[in-house]
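Those sequence lines, one after another, are chains H and D.
Take 1 as the starting number for the first sequence in UniProt numbering and just add one per residue.
Take 1 as the starting number for the second sequence in UniProt numbering and just add one per residue.
There are 2 protein chains.
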Amino acid sequence: MASPASRRDAATRASDRPGDASPFALGLLLRRAHWRAAGVMSEALRPLGIELRHFAVLIVLVDRGPTVQRDLAAATGTDKAGIMRVVDDLERRNLAVRKAVPGDRRARSVEITPEGLALFDAAHVAAEPLAERLTADLGPDGSEQLTRLLTLLAHPGDQEPAPPTHSG
Amino acid sequence: MASPASRRDAATRASDRPGDASPFALGLLLRRAHWRAAGVMSEALRPLGIELRHFAVLIVLVDRGPTVQRDLAAATGTDKAGIMRVVDDLERRNLAVRKAVPGDRRARSVEITPEGLALFDAAHVAAEPLAERLTADLGPDGSEQLTRLLTLLAHPGDQEPAPPTHSG
DNA sequence: CGTTTCAGGTGAAACGGTCACGAACGCTTC
DNA sequence: GAAGCGTTCGTGACCGTTTCACCTGAAACG
Numbered sequence: 001m002a003s004p005a006s007r008r009d010a011a012t013r014a015s016d017r018p019g020d021a022s023p024f025a026l027g028l029l030l031r032r033a034h035w036r037a038a039g040v041m042s043e044a045l046r047p048l049g050i051e052l053r054h055f056a057v058l059i060v061l062v063d064r065g066p067t068v069q070r071d072l073a074a075a076t077g078t079d080k081a082g083i084m085r086v087v088d089d090l091e092r093r094n095l096a097v098r099k100a101v102p103g104d105r106r107a108r109s110v111e112i113t114p115e116g117l118a119l120f121d122a123a124h125v126a127a128e129p130l131a132e133r134l135t136a137d138l139g140p141d142g143s144e145q146l147t148r149l150l151t152l153l154a155h156p157g158d159q160e161p162a163p164p165t166h167s168g
Numbered sequence: 001m002a003s004p005a006s007r008r009d010a011a012t013r014a015s016d017r018p019g020d021a022s023p024f025a026l027g028l029l030l031r032r033a034h035w036r037a038a039g040v041m042s043e044a045l046r047p048l049g050i051e052l053r054h055f056a057v058l059i060v061l062v063d064r065g066p067t068v069q070r071d072l073a074a075a076t077g078t079d080k081a082g083i084m085r086v087v088d089d090l091e092r093r094n095l096a097v098r099k100a101v102p103g104d105r106r107a108r109s110v111e112i113t114p115e116g117l118a119l120f121d122a123a124h125v126a127a128e129p130l131a132e133r134l135t136a137d138l139g140p141d142g143s144e145q146l147t148r149l150l151t152l153l154a155h156p157g158d159q160e161p162a163p164p165t166h167s168g
């Protein structure tokens with residue numbers, strides 16, 4: 001009956017524009033910001049011939065050394081099948097290799113190759129100016145602040161290691 | 001030759017963990033944060049029977065009133081075809097309707113229905129406690145700071161149309 | 001030694017995105 | 001004032017990507 005927009009005031013509703021306090025505003029903002037950052041990273045990676053998902057795997061390989069695909073999937077958040085495709089592409093380009101695990105014959109350890117490392121470094125060199133342009137609007141302090149807040153949001157309770165939920 | 005990891009120090013390489021200063025760190029952090037926020041919002045929206053993309057369209061409809069699909073696509077960042085799919089789902093669920101534009105017979109104005117408005121409000125009620133848990137780690141000031149920085153990052157040059165940087 | 005669990009790999013189906021087509025409007029022109 | 005042409009909007013189809021479910025082989029455990 002009457003006006004269809006009489007339940008709440010329009011100012012308290014969700015919006016992707018600045019000045020919104022709705023619970024969905026943060027997620028929408030995150031979506032747009034991630035979209036922009038992903039675009040920048042993709043541009044940086046395009047000349048190298050790889051994509052974001054490949055680079056994400058390379059990051060884990062560099063950071064954690066040889067890793068089995070199961071841990072790779074857990075670290076990148078993608079599915080096992082997706083990880084297999086990415087590792088397959090990486091092997092085809094000689095950026096990474098699958099090595100047999102001594103103790104476990106079923107597991108396959110993925111290791112980065114010198115070529116993969118070189119490409120990894122080249123990606124950094126290519127991405128640095130783009131990243132600076134991205135964070136130019138935030139200022140030097142804003143960038144660090146954003147990184148800190150994002151870390152808190154992305155890694156909740158990092159100082160609280162996951163309790164042994166072996167019951168699940 | 002030599003060690004495969006001798007080009008850079010591991011601490012300067014990209015990583016999705018805290019304490020990284022690589023140009024990819026921000027994007028990775030954004031990815032994880034968005035993943036978490038999207039999961040929370042999806043959980044809030046799941047009982048309502050809609051998804052994030054549907055809700056994003058509803059937000060624009062509430063915020064800007066009747067809108068043509070082209071503006072809807074521009075506002076949500078998705079493609080026109082995707083908007084069509086979303087509007088089609090919304091019409092099927094009677095959450096929105098397509099109305100003919102008086103002046104333009106080719107354009108189709110999408111308008112939210114009272115049912116869509118009710119679902120919109122219900123989504124907010126369901127999402128508020130979840131959003132509070134999300135931002136609980138950041139603190140009240142951190143949430144606002146994050147929103148501000150994210151707004152700068154997601155809406156570049158909203159007040160700065162075109163900085164006169166060198167052509168290149 | 002058999003059963004259960006786990007890791008990897010494969011295939012199919014669904015989802016999302018991109019590209020190309022038809023229709024309509026406005027502008028221009030005759 | 002009507003027709004042609006360029007542009008824009010909406011729609012449909014195609015392709016790539018992601019996700020799900022099953023299968024094989026191996027290790028841990030009873």
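Just so it is clear, CB atoms sit at the ideal spot from N, CA and C, and this is done for glycine as well.
One question on the structure: do S109/H and V57/H come within less than 8 Å of each other, judged by their Cβ atoms?
No, they are not a contact pair.
Check each candidate in A33/H, A73/H and N94/H and name the one with the smallest Cα separation from I50/H.
When each option's Cα is compared against that of I50/H, the closest is N94/H.
State yes or no: is the C-beta of W35/H nearer than 7 Å to some heavy atom of the ligand HEM?
In the structure shown, the ligand HEM is absent, as is every other ligand, since no ligand is present at all.
Among the candidates D137/H, L149/H, A74/H and L152/H, whose CA atom is the shortest distance from the CA of H155/D?
Per the Cα distances, D137/H.
Is T147/D near A25/H, with beta carbons less than 8 Å apart?
Yes, the pair counts as a contact, with Cβ atoms nearer than the cut-off.
Name the chain H residues that come within less than 7 Å of L29/D, Cβ to Cβ?
Per Cβ cutoff of 7 Å: T147, L150, T151 and A154.
From the beta carbon of L72/D, is the nearest beta carbon of chain H less than 8 Å away?
Not one chain H Cβ lies under 8 Å of L72/D.
At the 8 Å Cβ level, is S109/H part of the contact set with chain D, yes or no?
Chain D contact via Cβ: absent.
Taking the alpha carbon of L48/H as the point to measure from, which residue in S143/H, L149/H and A122/H has its own alpha carbon closest?
For the residues S143/H, L149/H and A122/H, the minimum Cα distance to L48/H belongs to A122/H.
Measuring CB atoms only, is the region 30 to 44 of chain D touching the region 124 to 132 of chain D, in the sense that at least three cross pairs come out at less than 8 Å?
The region 30 to 44 of chain D is in contact with the region 124 to 132 of chain D.
Answer yes or no: do A126/D and A44/D have a C-beta to C-beta separation smaller than 8 Å?
Yes, Cβ-Cβ distance for A126/D and A44/D is below 8 Å.
Report the neighbours of E128/H on chain D: residues whose CB is nearer than 9 Å to its CB, in chain order.
Here the neighbours are S22 and P23.
Roughly how many angstroms separate the alpha carbons of P23/H and D104/H, rounded to a whole number?
In a straight line, the C-alpha of P23/H is about 47 Å away from that of D104/H.
Output yes or no for whether 8 Å exceeds the beta carbon distance between V87/D and T113/D.
Cβ atoms of V87/D and T113/D: not closer than 8 Å.
Any beta carbon from chain D within less than 8 Å of G49/H's own beta carbon?
So, not an interface residue.
In chain D, what lies closer than 8 Å to L119/H by C-beta?
Those within 8 Å of L119/H in chain D number zero; the least Cβ separation is about 11 Å.
When burial is assigned at 16 or more other CB atoms within 10 Å of the CB, is A33/H buried or exposed?
Classification of A33/H: buried, given that the 10 Å Cβ count is 16 or more.
Suppose you measure from the CA of I83/H to the CA of V60/H; what does that come to, to the nearest Å?
Each residue's alpha carbon lies about 12 Å from the other.
According to DSSP, is S109/H part of a helix, a strand, or is it coil?
In the structure shown, S109/H sits in a strand (DSSP, three-state: E or B).
Please list, in chain order, the chain D residues whose beta carbon lies closer than 9 Å to that of H54/H.
Per Cβ cutoff of 9 Å: no residues; H54/H is ~12 Å from chain D at best.
Can you grab the Cα-Cα spacing for the pair P161/H / G139/D, in whole Å?
For P161/H, the predicted structure reports a pLDDT of 43, less than 50, and the residue's modelled location is therefore unreliable. The matter cannot be settled from this model.
Report back the beta-carbon spacing between D89/D and H54/D to the nearest angstrom; my notes put them in contact at under 8 Å.
Yes, D89/D and H54/D are in contact; Cβ-Cβ is about 6 Å, under 8 Å.
What do you get for G116/H, buried or exposed, if any count of 16 or more other CB atoms within 10 angstroms of its CB means buried?
It is buried - the Cβ of G116/H has at least 16 other Cβ atoms within 10 Å.
Less than 8 Å between CB atoms is the rule here; does T135/H satisfy it with respect to chain D?
So yes, T135/H belongs to the interface.
Taking C-alpha atoms, which residue in F120/H, L52/H and R31/H lies nearest to D63/H?
With distances taken between Cα atoms, D63/H lies closest to F120/H.
Could you spell out the range, first to last residue, of the alpha helix (DSSP H) harbouring V101/D?
Per DSSP, V101/D belongs to no alpha helix (DSSP H) and is neither H nor E.
Could you check whether the Cβ of G82/D sits closer than 8 Å to any Cβ belonging to chain H?
It does not; no Cβ of chain H falls within 8 Å.
I believe L29/H touches L150/D by the beta-carbon criterion, under 8 Å. Please report the beta-carbon distance rounded to the nearest angstrom.
The pair is a contact, with the Cβ atoms about 4 Å apart (cut-off 8 Å).
Locate the alpha helix (DSSP H) running through L150/D, then write down its first and last residues.
First-last of the alpha helix (DSSP H) with L150/D: G139 to A154.
Taking just the CA atoms, how far does R92/H sit from Q145/D?
About 44 Å.
Nearest to G65/H by alpha carbon, out of W35/H, A81/H and K99/H?
Nearest option by C-alpha distance: K99/H.
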